[in-house]
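Notes follow once the structure below has been shown.
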Amino acid sequence: MDLLASQLELNSSRNLFLCFSQYSACLTAGCLPTNSKWRENLLNLYARISLCRTINRSLDYFACLSRIRKYGLGQNDLASPHLTRLLTLTNSLCDLIYYPAECIAWLCEANVFGANRSSRPFRLLSLTCWLSNIIVSIIGNTLKLIKYKKLLRAKRNKHEHTTDKSSLMTPLSEMYKCMLTLVNNFCFLLNCIHWLAIPGFLWSGKLPVFMVGLCGTLATLCNIIKMLI
577 MDLLASQLEL NSSRNLFLCF SQYSACLTAG CLPTNSKWRE NLLNLYARIS LCRTINRSLD
637 YFACLSRIRK YGLGQNDLAS PHLTRLLTLT NSLCDLIYYP AECIAWLCEA NVFGANRSSR
697 PFRLLSLTCW LSNIIVSIIG NTLKLIKYKK LLRAKRNKHE HTTDKSSLMT PLSEMYKCML
757 TLVNNFCFLL NCIHWLAIPG FLWSGKLPVF MVGLCGTLAT LCNIIKMLI
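Sequence positions in the sequence shown follow this note's numbering and run 577 to 805.
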């Protein structure tokens, strides 16, 4: 209980808990008949937790600005490969647009700017930035996975005739984290394209409630396992 309480003191842990609750509600609703009252209640809960997470994320913009300001154009990260720095800069640019776009979309949906103000352009912009971030993360973690796999192979060859295998744990642990992140990315990629709701674009707007909940729950479980490794 004390461990759970200490973890929930952290904003990232609270967000994980909310995220898991949100998608679990969606997954459970997807398993119920369409005319079920419980399904309607769970989908309502899912929407309310989603709104709660949106408001919580709007506060992350200040941390995002601080991170981008410190990193700049990567002039202090010359040790990293050019592609890694480019991916980091792309991620920062997308974050810079994503947070205010999502916040404005939410304010439009709350009729703050008037009843006739559509949130669609801002919602589409925020989802496009999120999709770009997911693709960047997939590329970056695939490169990391290849790097750690080579490192692990080299260490195994070096320690082939020794009993001390402790040096293998670090690259192995990092490989597991990369694989979990990739599973998370692909799950959210499915949901992100679905939420774009662009007619004729892949599976956009076509995923059933059960699939949205399953992808979100699996992605969140990957983050929880990563936190525990």
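Just so you know, even glycine gets a beta-carbon here, dropped at the ideal spot from N, CA and C. Please read all numbers here as calculations on a predicted model, not as lab measurements.
- Item | For N552, the three-state DSSP class (helix, strand or coil) | Residue numbering for the chain in the displayed model covers 577 to 805; residue 552 lies beyond these limits and cannot be assessed.
- Item | For W706, three-class secondary structure by DSSP | helix
- Task: Could you tell me which of Y724, I714, G606 sits nearest to M745, measuring between CA atoms?
- Result: Y724
- Task: Can you grab the Cα-Cα spacing for the pair T806 / A601, in whole Å?
- Result: An answer regarding residue 806 cannot be provided, because it is not within the stretch 577 to 805 covered by the chain.
- Query: Are V759 and G606 close, meaning C-beta to C-beta below 9 Å?
  - Reply: no
- So, is W806 buried or exposed, given that buried needs 16 or more other C-beta atoms within 10 angstroms? Because the chain in this structure spans residues 577 to 805, residue 806 falls outside the shown range and cannot be described.
- Message: Does S695 come out as helix, strand or coil in the three-state DSSP assignment?
- Response: coil
- Query: Could you check where the alpha helix (DSSP H) with K782 kicks off and where it finishes?
  - Reply: Here K782 belongs to no alpha helix (DSSP H), and DSSP marks it neither H nor E.
- DSSP on I774, reduced to helix/strand/coil? Assignment of I774 by DSSP, reduced to helix, strand and coil, places it in the coil class.
- Task: May I have a chain-ordered list of the alpha helix (DSSP H) segments no shorter than 4 residues that lie completely inside the stretch 635-666?
- Result: 636-647
- Message: Would L727 pass as an interface residue toward chain C - the criterion being a Cβ-Cβ separation below 9 Å?
- Response: Within the model displayed, chain C is absent; a lone protein chain is all it includes.
- In whole angstroms, what is the alpha-carbon distance linking S695 and S702? 11 Å
- Check each candidate in R615, P747, P676 and name the one with the smallest Cα separation from R732. P747
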